[in-house]
Structures are given as structure tokens and as C-alpha cells.
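Visitor: What follows is a structure written as C-alpha cells; I'll ask about it next.
Residue numbers (the working numbering), protein chains in the order written: chain Z, 10 to 95; chain E, 4 to 596.
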């Protein structure tokens, strides 16, 4: 595999991972926290209405997890394609 | 020991710490001055980023906003944290790989154009100056309220402290002081929150307490109780959505892409040793930010409940259901003297009625109780955090700590902004455009002088705030979202994006956003020059000026892509540059440029 092609593959895999993470980012904040908030508020977890929980708590926890997940997967990808720093 | 002496000691001790750090972390090269020599550990950089990011507004005002807006304040919570996901996934690692010193420098090199660099410098300076005025004001206000020092003296003391560590240490000094400031501010924020959560719900973790039942044995959930209390007095339900879905959606998006496009935040990710560190460091930054941002909803809701319960002591409408003015607690009197709480006995019954007299149905009902209008004529939102320790009857050292925390939040953000401004002046304007052949030693001197100049300007504007200072959210985030973020993102993800496309895009985004803001807030915020009243009926599709940054960004993307399609592709070496920043390997070489 030429270096050129390998770099293109690396970039495609990266874009796929970014798309996956940003889809989750969009769903938990914009869909669950804003657009579908009334529907989700019909469900309660503890004393939180679910939509309200996503808007004021849940989305932020998921944002944190998303960044660490992305960093972990990218470190693996960097090694797989041998483009990591020493 | 009385409160004032204790506050002087606590604040004095934190200031001594910051100055001590400044002596230890002096900058000896431009690399250290601009980006701390790119040697900051990713976790520590995350902490510094959190302090840099969380301003006087986050520390003092946000919980108050949440207390009075309820669900609708979620835009700030999601908007100011979700931007870090964009930063970590779309910008930070690539800009770190690029390996230079400033954001305008990347835009200038990537789009092979001094014009593009200049547009970026202007956006950066306008956004950062607007933002820093608020911090300087915050320092003055904090001094005034806690130490009874005149406002101007407070601003001057703040300027002197920032001067010492920012001029001497540059980014290096600022980074290590920000780490200390983060520790002070997060401790000062969470300690009162833990006590209040424990007091109201019996659960010491505010994030869980907010979803728990009341500790009064009623078995009612805290949020349900709050909803019931506020609706009983004619206010909108706390957890209900009040704004339109479209506007809330766009405001959240504008704040997110604005956050990711703010240069003083981006530049923090230039300070870590490696590309992989830039990714993980954004994660740590968000962890440290989220500790405060997930606590704030609990502080806001609990403070609102405490306030309502203090005033409405019994059943709504019963004769003795309202607090007698003569029996008001000590903290109420303290905050009355500052003018942040104001009571007016409209029906002359000697009791306090606090309700929503704008709600017609409830106002009519209230008239039946003999109430003649809301008597809490002023309840400043900032009180929610500042008076919290007193309301929860916490010891004096906690109150002193809140003062030190507010100052830490304001000073750390001010320093980060001042560094962004001074490096734009010394590195982008002086070295990049005016005197390209400047030696490193002279550039370091120029950067120190620009820092001193930026502090003087910020201090002056803090003492004499222009009318637009209050518009910081609309302006700073609007500019960053509509011009800087799209240019950076296309510079990385669209190899064919060229100079013409980027410049047209930035100008379209910038001008459309500015004109929309000015249309409703007055040209250059001069009162009386607005073209239409700033009300939801006049807004285009119900989009508020604060929310327009996201629309400006869309226009920027569209204009840039169209123009780049009909003009010549960027030169070969630029396309190689883009390919190069997309892979982490080889960033070590970029360090010594």
C-alpha cells in the first residue's frame, strides 16, 4: 500500500469517527435536550424529567465521554497507520 | 475575626500565591511567552483552559441566570460545554500540528494571504476586548462588594496583579497561575453548593441532590416542589420551555461554535507537547469545566427555592403566609444596603409579597388577597451565588473564599484574553506585517510592551465601560462563530478552499452577523439608532441577535464554497500543508521553527 493511499484511508477512517461522535453530540443535546424535550419530559429518572436532565446534566457528561472516546480511538488509529508521534 | 479582615487575608493569600508563581515561571523566549514553550502537561493544560474559559460571568452570574430562567438557561450549559467537542474533534489537534503561535497566523499561512490574517486579527481584537472589559468590571465589583474598596481601586489592583504575571511570564506565567486560580475557584464554588444540597435534600452531591427528594420528610422531589412553588405565585414552571424551539436551538449552536472559535481558548491547545495531547487535553478541560457547569443547575434551583421559601412562608393568599418585613433575615438586610435587593411595601401591610404581577390571571387573583403588585422590585441575579453562603448560614471563611473565587475567575480569564490580544499585536501585526525582520529579543520586548498596553486599555475600558460592554455575548460569540470558526474548519477539512473563498466567506459571515446585531441593538450599539425594536415579533423567523452567529456561520460556509469553486485552486504547497497537518507524525520538527 503506497503512503499516499494509506494516508487517504487514515483520513477517511478519522472522518468516519468524527461523524459518529458528532452524531451522538447532536442527538443528546439538540434532539434530546431541545427538540424532543417535551416528549422526554414525560419520563422521569429519579426526580429529574428526562428531557430536562439531558439539557442540564446528561449532555455535558456525554460530551466529556465523547472527547475521551475520540482521543482513545484516534491514538489507536495513529498507531495502526504508523502516523503517531514518537 | 470579622468577615472583612478574613476576606482580606484569604484574597491577599491567593494574590501572594499568583505573584510567587509569576517569579518562578518567567518567560525567556517568544516561544515561552506565546505558547509556554509547548511543554505543558495535557491535564494541567486542561485545568488552565478551564480557568481561562470560566469567567466572572460563569462564576457569579450563571447560577443566577439558571435560577430565574430555569430550563431556558440550558442553552448556556450546553452551549458553553458542547463547543469543546467541536474543538477536540475539528480544530485543536490540527492547529497544534501546524505548530505556530497564533490563530491569525494559521489563517494567514493557510490562505496565503495577509488580508485574511488581518481580518482574523481584527475579529480577534474586537471579540477579546469586549470580553475583557467584563472581566475588569467583575474584578472591580468583587472588590467593592466583599472588601468595600472603591470600584476604581479594585480595577487598579486587578490590573497590577495581572501586569506582574502576564508581562513577566507571558503564556508560561499565565498558565501556571491559571492552574492555581482553577483550584481556588472550583473549591469556592463547590463547597457552598455541597452544604446547600445537604441542607435541602440530605444528599451532599449537588448533581444528585437536584434530582432527589426534599429532606423535610415530605417525599416530594426537589424540582417538582420548585415547579409547584413558582407556578403557585404566577411564574412560569421552572422546568418548562419558555422560548421558541428554533431560537433555543440556534442560540445553543451559536454559543457552541463561538466557543470553539474563540482565539484565547484555541491558543491554549498550542501549549501542549504533542498532537495526541491536544485531543486528550480538550477532554480534561471539559472535565474541569463540567465540575462547575453541572453544579450550577443545582445551585440555581436550590437558591431559587430558598429565596421563594424565605419570603412565602405559608399558604399563598393566607393572611400570615408572607414574611413580615421586620422579621427579614440578616443576609436580606446586607444585600438591601448594596441595592441588589429592593423591597417596596405597595399595599402597606408590612409583609413581603413576591409574585409575578405580569401574569394577568394571577395578578387578578392576587388582588383578591389584597396584594397590590410585586413588592420585590429588584432581585439581582448575581445574588444567587454571592449570597448563597449567607443564606445557607455557612461560616465566614466560606464567604471569604467565594470572594477569592470570583476574583480568580475574573483574573484568569482576563489574563488569557490579554495574551491573545498582545500576541496578535506583536506577532501578527508587528512581526507578521510591519517589521518582518525583527529579532526574537526585540519581538519578546514588543510582546511585553503590547501586553502592558493591552492591560492599560482593558483597565481604562473597565472603569469607563462603553455602552456595548453589556453586549459581550452577542458580539464576541457572534464574531467567533461567524468568521473564525468556519475559516479554521474549512482550512483543515477542505483542501481546495482557497484565499478568495476564505476571505469572502469571513466577510459575509462577519457582516451579516454584525448587521443583524446592530439592526436590533443600534449601529455600534449607539442607543436610538436601532432599525427595529429588539422584540421577538420583529426578529427574522424569531431568531434573536444572540442566536444569529450560527446563521452567519452557515452563510460563511456557503459563500466560501461557491467562491472557491469559481476561482483558482490553492497552490500545490498549500495543499501539501493541509495534508501534513492532517497526520500527527512529524510535529516535533514544527516545534523549533
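Idealized CB from N, CA, C, for every residue including glycine. Since the structure is predicted, the reported quantities are computational estimates derived from the model, not experimental observations.
#1: Between the region 60-86 of chain Z and chain E, which residues of the former have a C-beta closer than 8 Å to a C-beta of the latter?
#2: Please list the partners that residue 47(Z) has in chain E, where partner means a Cβ-to-Cβ separation under 8 Å.
#3: Cβ of residue 596(E) less than 9 Å from any chain Z Cβ?
#4: Can you tell me whether DSSP reads residue 224(E) as helix, strand or coil?
#5: Just checking: is the beta-carbon of residue 91(Z) within a distance shorter than 9 Å of some beta-carbon in chain B?
#6: Between 320(E), 394(E), 110(E) and 345(E), which lies nearest to residue 369(E) when the distance is taken from Cα to Cα?
#7: Using 8 Å as the threshold, is the region 78-92 of chain Z in touch with the region 573-593 of chain E, meaning 3 or more CB pairs across them?
#8: Taking the alpha helix (DSSP H) that residue 101(E) falls in, what are its first and last residues?
#9: Does the Cβ of residue 307(E) have 16 or more other Cβ atoms within 10 Å, making it buried, or fewer, making it exposed?
#10: Where does residue 375(E) fall in DSSP's three states?
#11: Out of 129(E), 260(E) and 151(E), which has the shortest C-alpha to C-alpha gap to residue 340(E)?
#12: With 16 other CB atoms within 10 Å as the buried threshold, where does residue 530(E) fall?
#13: Could you tell me the distance, in whole angstroms, from the CA atom of residue 123(Z) to the CA atom of residue 241(E)?
#14: For chain Z, check one thing: does any of its Cβ atoms lie closer than 9 Å to the Cβ of residue 282(E)?
#15: Hey, could you find the ends of the alpha helix (DSSP H) residue 254(E) is sitting in?
#16: By DSSP's criteria, residue 327(E) is part of a beta bridge. Which residues make up the other side?
#17: Taking any Cβ of chain Z, which residues in the region 53-84 of chain E have a Cβ under 7 Å from it, in chain order?
#18: Are the Cβ atoms of residue 238(E) and residue 494(E) separated by less than 9 Å?
#19: From residue 120(E) to residue 266(E), what distance separates their C-alpha atoms?
#20: Does the CB of residue 25(Z) have a neighbour CB from chain E at under 9 Å?
#21: Let me confirm a value: residue 576(E) is counted as buried when at least 16 other C-beta atoms fall within 10 Å, else exposed. Which label applies?
#22: Does the CB of residue 43(Z) have a neighbour CB from chain E at under 9 Å?
#23: Closer than 9 Å between beta carbons: that is the criterion. Which residues of the region 252-268 of chain E meet it against chain Z?
#24: Determine, using beta carbons only, whether residue 311(E) and residue 117(E) come nearer to each other than 9 Å.
#25: Leaving out five residues before and five after residue 431(E) in sequence, what residues of the same chain have Cβ atoms less than 7 Å from its Cβ?
#26: What are the boundary residues of the alpha helix (DSSP H) that residue 344(E) is part of?
#27: Any Cβ of chain E within less than 9 Å of the Cβ of residue 19(Z)?
#28: Measuring alpha carbon to alpha carbon, tell me which residue in 9(E), 486(E), 78(E) and 176(E) is nearest residue 34(E).
#29: On the CB-based measure, 16 or more other CB atoms within 10 Å of its CB, does residue 163(E) come out buried or exposed?
#30: Of all the CB atoms in chain E, is at least one closer than 9 Å to the CB of residue 16(Z)?
#31: Following the continuous alpha helix (DSSP H) through residue 90(E), name the residue where it begins and the one where it ends.
#32: For the alpha helix (DSSP H) that residue 55(E) lies in, which residues bound it at each end?
#33: By DSSP's criteria, residue 315(E) is part of a beta bridge. Which residues make up the other side?
#34: Pick from 230(E), 291(E) and 101(E): whose alpha carbon is nearest that of residue 71(E)?
#35: Cα separation between residue 280(E) and residue 42(E)?
#36: Rounded to whole angstroms, what's the CA-CA distance from residue 147(E) to residue 75(E)? Just pull it up for me.
Guide: Working from what's here:
#1: 61, 62, 64, 65, 66, 68, 69, 70, 72, 73, 75, 76, 77, 79, 80, 83 and 84
#2: 244
#3: Confidence in residue 596(E) is poor, its pLDDT being 40 and thus under 50, which makes the residue's placement unreliable; the coordinate value appears in the next sentence. Residue 596(E) does not count as touching chain Z.
#4: strand
#5: Among the chains of the structure shown, chain B does not appear; the protein chains present are Z and E.
#6: 320(E)
#7: yes
#8: 95-101
#9: buried
#10: coil
#11: 151(E)
#12: exposed
#13: This structure cannot speak to residue 123(Z), because chain Z is shown only from 10 to 95.
#14: yes
#15: 248-264
#16: 354(E)
#17: 74, 77, 80, 81 and 84
#18: no
#19: 13 Å
#20: no
#21: exposed
#22: yes
#23: 252, 255, 256 and 259
#24: no
#25: 105, 107, 108, 120 and 124
#26: Note, residue 344(E): premise wrong, no alpha helix (DSSP H); beta strand (DSSP E) at 344-346.
#27: yes
#28: 176(E)
#29: exposed
#30: yes
#31: Looking at the DSSP string, residue 90(E) is not in any alpha helix (DSSP H), and its letter there is neither H nor E.
#32: 45-56
#33: 325(E)
#34: 230(E)
#35: 11 Å
#36: 31 Å
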